[in-house]
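Protein chains in written order, with the numbering used here: chain A, 314 to 786; chain B, 314 to 786; chain C, 314 to 786; chain D, 314 to 786. From the three backbone atoms N, C-alpha and C, an ideal C-beta is built for every residue, glycine too. Model, not experiment: these values are computed from the prediction.
4 protein chains.
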Amino acid sequence: MKEIDYTKEKIDAAIQTLGPAKIDSPIPGIDIGGEYTNFASDSDRILFYQRERYFRHCLEKRIDPVTLELAGPRKKIYFDPKKLRCAIVTCGGLCPGINDVIRSIVLALYHTYGVRHIYGIRYGLQGLIPKYGHEMLELNPSVVANIHEMGGTFLASSRGPQDIEEIVDALERLNIGLFFLIGGDGTLHAAASITDEVARRGEKISIIGIPKTIDNDIFLVSRSFGFDTAVEMAAQAIRSAHTEATGAPNGVGLVKLMGRHSGFIAASAALALKEVNFVLVPEIDLDIEGEHGLLSILRKRLIDRKHAVIVAAEGAGQKYVMDKEVKRDPSGNIKLGDIGKYLRDQIKNYFNRIKMPVNIRYIDPSYIIRSVPANVNDRIFCGFLGQMAVHAGMAGKTGMLVSLWNNRYVHVPLKSAIARRKEIDPNGRLWLSVLESTGQPSLKNPVQTSAEICLQGKKRTLKTTRRSASKRK
Amino acid sequence: MKEIDYTKEKIDAAIQTLGPAKIDSPIPGIDIGGEYTNFASDSDRILFYQRERYFRHCLEKRIDPVTLELAGPRKKIYFDPKKLRCAIVTCGGLCPGINDVIRSIVLALYHTYGVRHIYGIRYGLQGLIPKYGHEMLELNPSVVANIHEMGGTFLASSRGPQDIEEIVDALERLNIGLFFLIGGDGTLHAAASITDEVARRGEKISIIGIPKTIDNDIFLVSRSFGFDTAVEMAAQAIRSAHTEATGAPNGVGLVKLMGRHSGFIAASAALALKEVNFVLVPEIDLDIEGEHGLLSILRKRLIDRKHAVIVAAEGAGQKYVMDKEVKRDPSGNIKLGDIGKYLRDQIKNYFNRIKMPVNIRYIDPSYIIRSVPANVNDRIFCGFLGQMAVHAGMAGKTGMLVSLWNNRYVHVPLKSAIARRKEIDPNGRLWLSVLESTGQPSLKNPVQTSAEICLQGKKRTLKTTRRSASKRK
Amino acid sequence: MKEIDYTKEKIDAAIQTLGPAKIDSPIPGIDIGGEYTNFASDSDRILFYQRERYFRHCLEKRIDPVTLELAGPRKKIYFDPKKLRCAIVTCGGLCPGINDVIRSIVLALYHTYGVRHIYGIRYGLQGLIPKYGHEMLELNPSVVANIHEMGGTFLASSRGPQDIEEIVDALERLNIGLFFLIGGDGTLHAAASITDEVARRGEKISIIGIPKTIDNDIFLVSRSFGFDTAVEMAAQAIRSAHTEATGAPNGVGLVKLMGRHSGFIAASAALALKEVNFVLVPEIDLDIEGEHGLLSILRKRLIDRKHAVIVAAEGAGQKYVMDKEVKRDPSGNIKLGDIGKYLRDQIKNYFNRIKMPVNIRYIDPSYIIRSVPANVNDRIFCGFLGQMAVHAGMAGKTGMLVSLWNNRYVHVPLKSAIARRKEIDPNGRLWLSVLESTGQPSLKNPVQTSAEICLQGKKRTLKTTRRSASKRK
Amino acid sequence: MKEIDYTKEKIDAAIQTLGPAKIDSPIPGIDIGGEYTNFASDSDRILFYQRERYFRHCLEKRIDPVTLELAGPRKKIYFDPKKLRCAIVTCGGLCPGINDVIRSIVLALYHTYGVRHIYGIRYGLQGLIPKYGHEMLELNPSVVANIHEMGGTFLASSRGPQDIEEIVDALERLNIGLFFLIGGDGTLHAAASITDEVARRGEKISIIGIPKTIDNDIFLVSRSFGFDTAVEMAAQAIRSAHTEATGAPNGVGLVKLMGRHSGFIAASAALALKEVNFVLVPEIDLDIEGEHGLLSILRKRLIDRKHAVIVAAEGAGQKYVMDKEVKRDPSGNIKLGDIGKYLRDQIKNYFNRIKMPVNIRYIDPSYIIRSVPANVNDRIFCGFLGQMAVHAGMAGKTGMLVSLWNNRYVHVPLKSAIARRKEIDPNGRLWLSVLESTGQPSLKNPVQTSAEICLQGKKRTLKTTRRSASKRK
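Written as structure tokens, this is what we have:
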């Protein structure tokens, strides 16, 4: 339900960077023998595309299909667990499940491999830079025993880039062999640069990323941890908006949800209750004014039904609200304009102008969403991600992240993942279901939605099937 | 995370029954023209296997890969929405999300296709049999507006088979064109028989199944609705068991969970908190007595840690508890012995015998688990299942069920789905993660677990990597 | 725990208005005989004060104690259930539990007394004014069966006064004998005026109020429905703020909660987790700048502990933010300035000025708090309130509200309840516990808190108890 | 809503034992002077009864009213915080909120009074007896920071009595001055004996009880911690039973809840949803067979409505199930027969006999209820209880427990509290509301319920009020 289709063109970058199957440095480990089927082999890969037509395409053109390396424990491990020193860092904004990932990494390192030197870097990459003066935490199963009951990150986080050379200096100084970075787009870029710098220096340090993005917008990652919890919490906020909207004459519930570039949270949460009338996402252009604009359609809805619910991803409608001069936050992300407040004010003004009293309730639940503990589904998922990250790291993999792709845990080269962003496919199942559920027209170009098309289909069908139906008698 | 691998042999039955791509009867509908990408085409199929090695296998052997038909709205519809009469029935035990599926079917029929005659059959297939005297319910969006807030089934259900001819008589009498059956294994068998009988009579009635199994054990169905909610609730019961176990000297928390033939709930829920020490499932044999038996290992655990948590699927250990003479319930399911109480008594007796006082707390939460409303994740999923079932039905498909396979909604012929059962793969990722998380040995044959194997690997590795590690200095 | 003490002076107004014990109009009902102890008698009253010293005071001065009439079913009922027509209206903002109260009133009228004409007025008092054109709803057990699963008000609400004469005109026109108003301060004022107008016209219409105030600030009402749920939700928002604060360097979580004139939600929720460092309420003055001001103390806290959580009731610190010229909303409430955003900006500016980077997260969860369904505790409470309101109304009581006072359901004359507002006692148990829990100094006048006083006591005690302690050896 | 009335006779024992106001040993502390209103004084007491008629009774008879001492910080403290060594123990079964009480005691001792030697006794009173070999835990704010997120008891518990002399020996050996016991009936009896033994030895050890009873059945305690959470969880179990009952033909949901001698949980939870048809509690006798017995009434209900929900407290109907020969558990509690399974079997047999098929679902959620973390309401309550216990202990009080009485925190002598048990008043508001809500007749003696009485009242009233009503025209 959170899945999207990629057209062939869209993943050209990925195909180019996915590169050779072995993404790790040469491995000095040794074969432990046997033919245990429960070990994954580097030659065990899954197809990137699962459409039959892609299969036929490869067959005809005699080309190799794009594939991804399966994650899992390897027969050979690269590091000596007795001597290995590992570090874990969490970067960027909060997301449900970070503590579950930390806990899972620590438990797998400690119990499965017997690693005894595990360090938690405090306050993100700041924690590796001496001038900030943050202390490291020693981690073991007892320290992390209950951290999953708490939201947020037990290690604390920070935003903003740090000097790559200083980071690698710190890793060398601390004699770290395996470095886990839990972070989003910016952090994965940093992880790629760290990998390069480590290689340049000829160090034997593995860099493993665990993608953290509450927006679920990282490329080659079907699903990111915390997303399911976020959708659950977002659905509760929408339920509140619906309750408020129905509780007052011409009530309008307006919810702003996370989603800087990809509206997955808004679209998915809107499907949970099917009470939403308009979903605005960054991927689909929108007009506010005009005959087919949001305000005009909203007016009709209120006259018909006396209440309405609008859900907007924070990145939607930026053409209205973004500063001409692009500004960036400490993490280097473009500062978005506040579409939530803009819509609230535009709606107020419009209905004032046409003298139709409305009661608008604006809800911005983002901190409440992102700071809760993971739900059970995410908790299990985070457990796997942590285990897979440890298996990859112990096997000497580097410059990669762990990902779920069509229900399989896989290894993805960092450079492939950061090459583009994952977005809602306007012709895909998710968005069409949103259109069916909300009944909203495409707000920009009033093209036919699935429902409208079907409706047309029905009308045309009527003539024919009337006949065929009459045959039934 | 709830995924399993199928070995080639295991799905032979499926390959044979999946048969030709078109599973529906000849369609008298007409093409509505255009090239809308948001329609699914019957020739749009996905690969059953996604392993690269299967791809290569087909390539070498020049055989067609096994594929599944994609679900979604079709350009041509078979029924005249104005005249179509639809019926929905829910059968068997409760499962979270049934009301969401009913609601989604009604909303899609009503809003997307404009169908106005939708009937809810009360109390399962009984509702179609005159002698029971149950009334039908007329369904429309207003009737189903809030049913998703309630658990269970709004239409009520019943167990046990009804005469197939009487059922088809009723469908004819009521002039039903499209019949949705929400039910488990038994119901899907009935649906297949109804399809055959309908075909025999030459009627134009489509039979669409929506698989309902809280155990998540239906073949060719990656995930069944309600399973995620069930795992969430089961995890809470396990949390209670853990709290009880740690709250008393030598506390043993014992939880019996659903899972007649497949232990997916037990295995998944055990991964949520990682506080479980033993997971017993029907797929893996178990010894209770003896040196490597459960009781002996439990004793060691209690001496070490003073508390333990055991999770048993209801179908586990049946060799100890099932009646010699097989009995069946009204649905035709074999009556299982009560492994939960058996284990409780065996543990009590054993520790009495060895004079080691234990405090055992036995929790059987099944009715509490299955009767809650669906969580947000299942709610969204049920929404899709209902929509897909309606799209399939309106397109004239019959004798099939809607399924999620590797994150794609697909059509599966009823006869393929009922050919076998889905089970945990003892060598797959799910079970190995359970072993890693619990640290439990294989209770029957003390073979090496992944962790033990890795440990061995480590030991052997040490010699070598010590050298390679020394090079790092 | 949500209780407060009233000093003698504070309730003078109440004593004067509580007046004679019988608050109802003369009752033409007849005695049904017997001595059933399960009926309440109008002479059955409870003491307003429960302190022993008040008892002794009355004894010495030979004065009658202030008492309240007990609620409950009466032996005599005033209205003929067969003919009686009842109406229910909900006014003002949302609050958890409104639907539970509606449901309880309907069930008690229908099942306990056999009343068959019950009407729901839509959109607050607007629903009685013809020009708005709102339709009434007929209510019965089946209509209200599941409304408690939804938050908000099933009947919808509106703000703002309506003409009292028009309201009474409508009640006469509809032949209403018993009118239940669920609303806050403004509504209870309106209810009192309606009672007067009904009396002036000599009509036999009973007016019963059920006090609705999420702020829990209505006089002579220990606890208002929805408050417990609101505190639960508020505690979750504070938990989020704490998670955010600990997740970033110098993180400051700032939560604005409901509480226009009384800070009960803020104070109670702060006690739930004991993670809050500053609680600001309207009842206690506060300085932001200056040596003992909030900013200066916050700086010290951040230097010590690296994070802080601040909770502000919306009515706190109005001296900083309220417009010179008082503005009012449609309900006649004074428009408050936004202390939340003001604090956020002041904190940002201050720490910018002193060049100490902070990460401030501002959470305003009010719509999310007030629109959820009632929790179980409130659900039970709302059930009693509805029953008690019906018992009072059927007995012919009028011009009163149902209240909980020291754990007893009582009748309170409307005019007594609206005479003043309930506020936190700065010397009472609730506020002192907040001070003990937060460790915050009185922000305005740095007087000694309980903890500081105790500390002094301890120091002085040390000398003496040292001796006494030495005796112990 | 959980309140009960006591008849005069019922509390004679209490009046006799409440005794003189000062319950503590002579206090060597000194007055710290001043007139701080935020200190409680030992002469500050509240009335036990709050009925006006009791007030008048005392006035006429010139007798002193029964009063209770108010809890809160005292100006004089008895112990030197620098030297004081405190111990906390948790005994008996689990109950939500134990960890909150522990945490609150530790925070108040540490932060408010500066005590630095606080010990957690492990595994109940066993932890003080050398032969068990349990280690103590040193407690401080950092150790208890997050324990409230977990259910159960962080210190673990055990059942059964230990030798009082050995306990006091241990307290002397460990040099404990202040001993907090969190436990139920048995523990409070032990606490009373410990107090006596301490007095006999002339030791200066204060014994403070915090009453723990999920059944809410301790005398002179309005409300016990964890009860609100238990009712919330119980209501969920009832909701499941209702869902199951409505989901099958002639569905019967049967829930067994805690309540050995007092049915408060069953009665309160039944009021939350108003879906329960029969509530069985230990306080009200019940007949199962016979014309007015449960089975016969259940049959009528099923014929009328096709489903039913029954809630039984575990102590209900013991005349049917208790062994002739009384057995006791390690805590000395009488072993109850299993009324839940008995009812299930009786219902099955009865409907088999009369050939009416029913679907019965039996739910026994007790471990799930008692092991969850406290909800927000209980969390705040536990915070106060802990603080009050510490204030009492530091002031040198002993042989007492902290209690909430009519919304005031008070000190109750242990011997008064253990003199009798708190039970539901069959003529009180709580039970009558249960009867009104369920519509169940008194199952033993078919006396008139409130609703029936009212109905009679109505009938007789009709004649008269018809006339008065006609005047209205």
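Item: Pull up the DSSP beta-bridge partners for A/Pro524, would you.; Value: A/Gly496
Item: Would you identify the three-state DSSP class for D/Arg375, choosing helix, strand or coil?; Value: coil
Item: Would you say C/Val565 faces chain A, with C-beta separation under 8 Å as the test?; Value: no
Item: Using 8 Å as the limit for Cβ to Cβ distance, is B/Glu462 near chain C?; Value: yes
Item: So, using beta-carbon positions, are D/Ser417 and D/Gly696 closer together than 8 Å?; Value: yes
Item: Taking the alpha helix (DSSP H) that D/Thr751 belongs to, which residues open and close that run?; Value: 742 to 751
Item: Let's test the definition: count the other Cβ atoms within 10 Å of the Cβ of C/Met463 and tell me whether it reaches 16, buried, or not, exposed.; Value: buried
Item: Kindly indicate if chain C contains any beta-carbon less than 8 Å away from that of B/Asn412.; Value: no
Item: What would DSSP say about D/Pro726, mapped onto helix, strand or coil?; Value: strand
Item: On the premise that A/Thr556 lies in contact with C/Leu407, defined as a C-beta separation below 8 Å, what is that separation, rounded to the nearest angstrom?; Value: 7 Å
Item: What is the rounded straight-line gap between the Cα of C/Ile411 and the Cα of B/Glu510?; Value: 53 Å
Item: Strictly below 9 Å CB to CB, what residues from chain B border C/Asn459?; Value: Asn459, Ile460, Glu462, Met463
Item: Taking 8 Å as the threshold, find out whether the region 469 to 484 of chain C comes into contact with the region 616 to 625 of chain C through three or more Cβ pairs.; Value: no
Item: Express the C-alpha separation of D/Tyr663 and D/Met669 in angstroms, rounding to a whole number.; Value: 9 Å
Item: Could you check whether the Cβ of D/Arg674 sits closer than 8 Å to any Cβ belonging to chain B?; Value: yes
Item: Going straight from the alpha carbon of C/Ile790 to that of C/Ala504, what length do you get?; Value: One cannot answer for residue 790 of chain C here, as it falls past the ends of chain C, which runs 314 to 786.
Item: Determine whether the Cβ of A/Gln475 lies closer than 8 Å to any Cβ atom of chain C.; Value: no
Item: Against chain D, which members of the region 558 to 583 of chain B pass a CB distance test of less than 7 Å?; Value: Thr559, Gly560, Ala561, Pro562
Item: Any C-beta of chain B sitting closer than 8 Å to the C-beta of A/His430?; Value: no
Item: Whose C-alpha, out of C/Lys728, C/Ala708, C/Trp744, is nearest the C-alpha of C/Leu383?; Value: C/Ala708
Item: With 8 Å as the threshold, decide whether the Cβ of C/His447 is near any Cβ in chain D.; Value: no
Item: For D/Phe368 and chain C, any beta-carbon pair shorter than 8 Å?; Value: yes
Item: When DSSP labels each residue in this structure, what does A/Cys408 get in the three-state scheme?; Value: coil
Item: Which residues in chain C have a C-beta closer than 8 Å to the C-beta of D/Glu545? List them in chain order.; Value: Asn688, Val689, Asn690
Item: Quick one: residues in its chain with C-beta nearer than 8 Å to the C-beta of C/His424, no 5 flanking neighbours on either side, listed in chain order?; Value: Pro454
Item: Taking B/Ser471 as the reference, give the member of B/Pro739, B/Asn529, B/Asp642, B/His704 with the closest Cα.; Value: B/Asp642
Item: Is there a C-beta anywhere in chain A that falls below 8 Å from the one on C/Val592?; Value: no
Item: In this structure, how does DSSP classify C/Phe591 when only helix, strand and coil are distinguished?; Value: strand
Item: Would you mind sorting C/Asn758 into buried or exposed? The rule is 16 or more other CB atoms within 10 Å of its CB.; Value: Reliability fails at C/Asn758, whose pLDDT of 41 lies under 50, so the model's placement of it is uncertain and no value is given.
Item: List, in order along the chain, the chain F residues whose C-beta lies closer than 9 Å to that of C/Leu372?; Value: No chain F is part of this structure, whose protein chains are labelled A, B, C and D.
Item: Between A/Leu420, A/Asp413, A/Pro378, A/Val402, which has its C-alpha nearest A/Val703's C-alpha?; Value: A/Leu420
Item: What are the boundary residues of the beta strand (DSSP E) that A/Met713 is part of?; Value: 713 to 718
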